[in-house]
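J.: Shown below is the structure under consideration.
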Amino acid sequence: MKEFTEAYRLKRAKDKVENLRSFYIHFTCYIIFNTTISTIKIIDDLDEGKTLQEALFDFGSVFMWLIWGIGIAFHAFSIYGFDYFLGKNWESKKLKECIEEEERFFNQKE
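For what it's worth, this note's numbering labels the leading residue of the sequence shown as 2, then goes sequentially.
Right under this line is the structure:
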């Protein structure tokens, strides 16, 4: 049983590292892509005669940051916590309960 526990812990740790890596890549792409697109859009708006304030707070630019930002927030919540409802803690507790229940069932048969 100890090998199973160690293997399970190792797999969980590897999964967590992969998820963190995925989040860092996602967040980096978010920053680079949105900064590039927003900069190009602001320069174009300034060339068209808009003021800096109008160019910075253009609905298209802000909307892009906001919508993708919501996705980033959900990704971060899934990685860093906020497992109030059916999260990782719930999953591990349920898994432990099921294992204990099966052990009790098999011990009663013997």
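Yeah, the Cβ is synthetic: ideal placement off N, Cα and C, and Gly gets one too.
(1) Determine the direct distance from the alpha carbon of phenylalanine 64 to that of lysine 95, and round the result to whole angstroms.
(2) Give a yes or no on whether the C-beta atoms belonging to aspartate 16 and lysine 42 are separated by under 8 Å.
(3) Tell me the start and end of each unbroken alpha helix (DSSP H) in the stretch 35-88 that is at least 4 residues and wholly inside, in chain order.
(4) Alpha carbons only, please: which of Glu7, Glu19, Cys30 and Thr6 is nearest the one belonging to isoleucine 73?
(5) To the nearest angstrom, report how far apart tyrosine 9 and serine 62 are at their CA atoms.
(6) Since isoleucine 68 and phenylalanine 24 should fall inside the 8 Å C-beta cutoff, what is the C-beta to C-beta distance between them, to a whole number of angstroms?
(7) Nearest-angstrom Cα distance between leucine 70 and glutamate 102?
(8) Mark alanine 14 as exposed unless 16 or more other C-beta atoms lie within 10 angstroms of its C-beta, in which case mark it buried.
T.: The answer reads as follows:
(1) Across the structure, lysine 95 and phenylalanine 64 are spaced so that their CA atoms are roughly 40 Å apart.
(2) no
(3) 53-57 and 60-81
(4) Cys30
(5) Cα to Cα, the separation comes out at about 44 Å.
(6) In fact, because the Cβ distance is near 18 Å, the residues do not count as touching under 8 Å.
(7) In the sequence on display, residue 70 carries glycine and not leucine. The straight-line gap from Cα to Cα measures roughly 42 Å.
(8) exposed
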